[in-house]
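Chains as they are written, first to last, in numbering that gives the first Met the number 0: chain A, 0 to 105; chain B, 0 to 117; chain C, 0 to 477.
Heads up: the structure comes next, in structure tokens.
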Amino acid sequence: MDIEMEMVPLAHYLFLSATLFVIGVVGVLVRRNAIVVFMSIEIMLNAVNISLIAFDRYLSLHDGQIFSFMVMCVAAAEVSVGLAIIIALFRNKPTINLDEFNIMKS
Amino acid sequence: MLESYLGAGIMMLMAIGIAGGMVVMTSMLGPKREFADKMEPFECGESPIVSPHQRFSVKFYLVAVLFVLFDIEAVFFFPWAILFKQLGMFGFIEMLLFILILGVGLLYVWKRGGLDWE
Amino acid sequence: MEPITAPAIDLVSLAPVLVLSVFGIMVLVTDLFIGKDKSVLVFISLTGLLMGAISSLAKYNLPVHSFNGAYIVDHLSVFFTFIFCISSALAILVSVDFNKREGIKVGEYYSLILFCTVGMVLLASATDMIMIFLGIEIVSISLYVLAGIRRNDPKSNEAALKYFLLGAFATGFLLYGMTLLYGSTGSTKLVMIASAIRNGGVASEPLLLMGVVLLIIGLGFKVAAVPFHMWAPDVYQGAPTPVTAFMAVGPKAASLAAFYRIFSEAIPQLSPSWEILLCVVSVITMFVGNLGAIMQTNIKRLLAFSSVAHVGYLIIAIIAKNSLSSSALMFYMLTYAFMIFGTFGIVILLGRKGDENLEIENYSGLAYKHPVLALSMTIFLLSLGGLPPLAGFVAKFFVFSAALKEGFLILVIIAVLNSAVSLYYYLKVIVFMYMKDPVKEFDITLSPMTLFVIAISIFGTIQLGIFPDSIIALAQAN
């Protein structure tokens, strides 16, 4: 496999994936808009997909590709449920700022 | 030599048939009521020139969600399509089952009124 | 082009999953064609759960591996399948009157419970990380919807949103952990991961350890272990009460089963690295759960913190990872199901439409008005606290002895101390019931289904406490 010698090394993909994952995590922790938080979570999931595919390509494996299909599918299901929850919420209280959802306190 | 194009030919004929058939059928069967809004270049219920900050109907979300859900399922068709011959009857039946389950989902959405606009 | 031969597909071993899915879809479709009265759906789903439980016995000569080692039927999975079917059935029974009272008229409620059960069965039987991931997601997505099923109730909405955002966040960690494990060992199958680690086939040790830490974070979120428990009190409080009871038992048991499987089957070789981490998680989970519960005035939040504490005890079983600990896990979750459904059954009975009476002081004087209910509540709470001769005691004893066998003496001492602390807040509720004057009139409709659930739970709690031998023998059959 001499093509691989000329290719970008695996570590670069893993760094890209890790960076995107951290961007997602920071987004979830820092942002207060439910939709943006939601998007950050999607970034995390897709960062993982990059890792999966990179591992597959460089280590000549296959399971990761199946895994990434499943991840995409699950992410779509999560998107629809999440969006529906946010819409239901918005109908009762016209805001999506997470700090304003605090009716339950100890 | 030409036989190898048979499949592509059939595919092409079917594509033309379906696309053409739809155009012909709608123009023959569909109701025709012409009024100003309908004659606009983009006839999608939206005005062509609006401010980009305008909010649009939340009802779109349901369409979007359903689209994403059914669209992403297509991801499972790609590996199957590539290995269609090797997977043989087994793969075909599995895929039919998969589509059947999706069909139940569609039936559910339909009966529940998820596709109605009003 | 060689034709690809189909992998060894063994539908019989998949029977409970298939049965439950078919019944779930049946409920969904039936709902489209019936009117406001949903009792036929209750009937179908209960039948489905019964059939699911029976069909899990279709395989004997356990363990049976199928789907190229991605799925296993062994004692753990069969026993857990029974726990799931029982707990889902109890959840449905306890929901019937509650849903009528609160006007939850969606038929999807029942199919979601069935789909959630499918996910739980997958989780308990999966031996491949892809399957475990799918199981966790089937469970979680159903629960997000169930938590927010009261669309017009802001509390229910808020619970659903919090659960959803934190759950999806945790999924990201879990997934990344699984990916790193996969990348460093080259397989998603638990057995193959274990053999890669044993035979030195690990591509990168740091990646592997990083993956294990991320897995602990992801699974910790799903089972509500401290410091990943923040969602639990809010979600438990905001979700409809039967859903709260449901998610405190089945999904938790399923995640713990997967937790146990991953750590005991895939990475037991790494136990020197993760043991200490899990010990820390377990200890702070017990402390935060119990100390948090002491400060609560809302019964659902109190039970939420108490369930966090129980996860702390259960993680001890995972740390011990011997044959005793898997049976301890099974026995504990079975008794926990009875205790939780009993307690929540009474919480549901005490509520009225529009006023759920969830404050602990609303329980004042219950013993004078409804002595039997108060006595039942006392039994459940004492069992949760781990007093003999009730089931909770035997379950805890079982877990602790599994840990002692591996020499975790200090951990067990901390757990026993915590168990004593937990009695304080359970007794607090009992004191309110027996020693205080009522703050307001009780207006209790004794709905038959809920009473039935309470009766079953009392039977289970006492039976498993006094005569646990037969069930322990079943749990130890492996």
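Every residue gets a Cβ at the ideal spot worked out from N, C-alpha and C, and that includes glycine.
Do the stretch 77 to 93 of chain A and the stretch 148 to 164 of chain C meet, that is, are 3 or more Cβ pairs less than 8 Å apart? yes
List, in order along the chain, the chain B residues whose C-beta lies closer than 8 Å to that of Leu-160 of chain C? By one-based count along the third sequence, residue 160 of chain C stands at place 161. In chain order: nothing, as chain B lies at least about 15 Å away.
Using beta-carbon positions only, say whether Met-128 of chain C and Phe-66 of chain A come within less than 9 Å of one another. Locating residue 128 of chain C in the third sequence gives position 129, counting from the first residue. Locating residue 66 of chain A in the first sequence gives position 67, counting from the first residue. Yes.
Alpha-carbon to alpha-carbon, Phe-66 of chain C and Tyr-57 of chain A: Taking the first residue of the first sequence as position 1, residue 57 of chain A is located at position 58. Taking the first residue of the third sequence as position 1, residue 66 of chain C is located at position 67. Within the model, the alpha-carbon separation for Tyr-57 of chain A versus Phe-66 of chain C is close to 26 Å.
Can you give the Cα-Cα distance for Leu-95 of chain B and Val-11 of chain C, rounded to whole angstroms? Reading the second sequence from its first residue, position 96 is the one you call residue 95 of chain B. Reading the third sequence from its first residue, position 12 is the one you call residue 11 of chain C. Roughly 20 Å between the two C-alpha positions.
What first and last residue would you give for the beta strand (DSSP E) that runs through His-64 of chain C? Start at 1 with the first residue of the third sequence, and residue 64 of chain C comes out as number 65. That run of the beta strand (DSSP E) goes 63 to 65.
Just the Cα atoms here: how many angstroms apart are Ile-283 of chain C and Gly-311 of chain C? One-based indexing of the third sequence puts residue 283 of chain C at position 284. One-based indexing of the third sequence puts residue 311 of chain C at position 312. The alpha-carbon atoms of Ile-283 of chain C and Gly-311 of chain C are separated by roughly 8 Å.
Quick one: give me the first and last residue of the alpha helix (DSSP H) that Tyr-4 of chain B is part of. Here the question's residue 4 of chain B lines up with position 5 in the second sequence. That residue, Tyr-4 of chain B, is in no alpha helix (DSSP H); it is neither H nor E in DSSP.
Using CA coordinates, which residue listed in C:Ala-308, C:Ile-347 and C:Pro-153 is at the minimum distance from Ala-482 of chain C? Nothing in the structure corresponds to residue 482 of chain C, since chain C is present only between 0 and 477.
Less than 9 Å between the beta carbons of Thr-116 of chain C and Phe-83 of chain C, yes or no? Here the question's residue 116 of chain C lines up with position 117 in the third sequence. Here the question's residue 83 of chain C lines up with position 84 in the third sequence. Yes. Within cutoff.
Please state the DSSP three-state secondary structure of Ile-266 of chain C. Here residue 266 of chain C refers to the residue found at position 267 when the third sequence is read from its first residue. Correct three-state label for Ile-266 of chain C: coil.
Just to confirm before moving on: does the CB-CB distance between Leu-403 of chain C and Val-411 of chain C stay below 9 Å? By one-based count along the third sequence, residue 403 of chain C stands at place 404. By one-based count along the third sequence, residue 411 of chain C stands at place 412. Yes.
Give the interface partners of Tyr-60 of chain B over in chain A, defined as CB-CB distance under 7 Å, in chain order. Stepping through the second sequence from its first residue, residue 60 of chain B is reached at position 61. Chain-ordered, the chain A residues with CB closer than 7 Å to the CB of Tyr-60 of chain B read Leu-82 and Ile-86.
Taking Cβ-Cβ distances below 7 Å as the criterion, which residues of the stretch 229 to 249 of chain C are in contact with chain A? Pro-232, Asp-233, Gln-236 and Gly-237
Going along the chain, which residues of its own chain have a beta-carbon closer than 8 Å to the beta-carbon of Phe-14 of chain A, five neighbours each way excluded? Taking the first residue of the first sequence as 1, we reach residue 14 of chain A at position 15. Hits under 8 Å: none found.
Between Phe-89 of chain A and chain B, is any beta-carbon pair separated by less than 9 Å? In the first sequence, the residue the question calls residue 89 of chain A occupies position 90. For Phe-89 of chain A, the answer is yes, since a Cβ of chain B falls inside 9 Å of its Cβ.
Count the CB pairs spanning the stretch 253 to 265 of chain C and the stretch 370 to 378 of chain C that are closer than 8 Å, and state whether there are at least three. no
Note down, one range per segment and in chain order, each alpha helix (DSSP H) of at least 4 residues found wholly within the stretch 293 to 329 of chain C. 298 to 319
Between Gly-200 of chain C and Thr-184 of chain C, which are expected to be in contact by the criterion C-beta below 8 Å, what is the C-beta distance as a whole number of angstroms? Position 201 of the third sequence, counting from 1, holds the residue named residue 200 of chain C. Position 185 of the third sequence, counting from 1, holds the residue named residue 184 of chain C. With 8 Å as the limit, Gly-200 of chain C and Thr-184 of chain C qualify as a contact, their Cβ atoms being about 7 Å apart.
Which residues in chain C have a C-beta closer than 7 Å to the C-beta of Leu-60 of chain A? List them in chain order. The residue labelled residue 60 of chain A in the question sits at position 61 within the first sequence. Neighbours of Leu-60 of chain A on chain C, chain order: Gly-185.
Got a sec: is the Cβ-Cβ distance from Ile-114 of chain A to anything in chain C below 9 Å? Here chain A has residues from 0 to 105 only, and residue 114 of chain A is not among them.
By the DSSP assignment, the beta strand (DSSP E) with Tyr-70 of chain C in it spans what residues? As a working mapping, residue 70 of chain C is identified with position 71 in the third sequence. Element bounds for Tyr-70 of chain C: 70 to 72.
Cβ pair count under 8 Å reaching 3, the stretch 218 to 228 of chain C against the stretch 57 to 74 of chain C: no
Would you report the Cα separation of Gly-291 of chain C and Glu-274 of chain C, rounded to the nearest angstrom? By one-based count along the third sequence, residue 291 of chain C stands at place 292. By one-based count along the third sequence, residue 274 of chain C stands at place 275. Cα to Cα, Gly-291 of chain C sits roughly 25 Å from Glu-274 of chain C.
Cβ of Ser-305 of chain C within 9 Å of Cβ of Asn-321 of chain C? For the purposes of this step, residue 305 of chain C is identified with residue 306 of the third sequence, where counting begins at 1. For the purposes of this step, residue 321 of chain C is identified with residue 322 of the third sequence, where counting begins at 1. No; because the gap between Cβ atoms is not below 9 Å, this pair is not in contact.
Stretch-stretch touch, CB-based, cutoff 8 Å, three pairs: the stretch 170 to 184 of chain C with the stretch 208 to 215 of chain C: yes
Can you pull the chain A residues whose beta carbon is under 9 Å from the beta carbon of Ala-195 of chain C, in chain order? On the third sequence, position 196 is the one that residue 195 of chain C refers to. Going along chain A, no residue has its Cβ under 9 Å from Ala-195 of chain C, so there is no contact; the nearest lies around 12 Å.
Exposed unless 16 or more other CB atoms sit within 10 angstroms - verdict on Met-0 of chain A: Reading the first sequence from its first residue, position 1 is the one you call residue 0 of chain A. Interpretation of Met-0 of chain A is limited by its pLDDT of 48, a score under 50 that renders its predicted location unreliable; no figure is taken from the coordinates.
In chain order, each alpha helix (DSSP H) run of at least 4 residues that lies wholly inside the stretch 28 to 63 of chain C: The stretch 28 to 63 of chain C contains these whole alpha helix (DSSP H) runs: 38 to 54.
Please compile the residues from chain C whose C-beta is within a distance smaller than 8 Å of the C-beta of Ala-33 of chain A. Locating residue 33 of chain A in the first sequence gives position 34, counting from the first residue. Result: Leu-160 and Leu-164.
For chain B, find out if any of its Cβ atoms is closer than 9 Å to the Cβ of Ile-24 of chain C; answer yes or no. Residue mapping note: residue 24 of chain C aligns to position 25 of the third sequence, counting from 1. Ile-24 of chain C counts as touching chain B.
Shortest alpha-carbon distance to Lys-104 of chain C belongs to which of C:Ala-159, C:Val-39 and C:Ser-54? For this step, residue 104 of chain C is matched to residue 105 along the third sequence. Checked all of C:Ala-159, C:Val-39 and C:Ser-54; the closest Cα to Lys-104 of chain C is C:Val-39.
Output, in sequence order along the chain, the residues in the stretch 73 to 93 of chain B whose CB is closer than 9 Å to any CB in chain C. Correct list: Leu-82, Lys-84, Gln-85, Leu-86, Gly-87, Phe-89, Gly-90 and Glu-93.
Whole angstroms is fine: what's the gap from Val-93 of chain C's alpha carbon to Ser-20 of chain C's? Translated into positions along the third sequence, residue 93 of chain C becomes position 94. Translated into positions along the third sequence, residue 20 of chain C becomes position 21. Rounded to whole angstroms, Val-93 of chain C to Ser-20 of chain C spans 22 Å at the Cα level.
Tell me whether Phe-59 of chain B is buried or exposed, calling it buried when 16 or more other Cβ atoms sit within 10 Å of its Cβ. Locating residue 59 of chain B in the second sequence gives position 60, counting from the first residue. So Phe-59 of chain B ends up on the exposed side.
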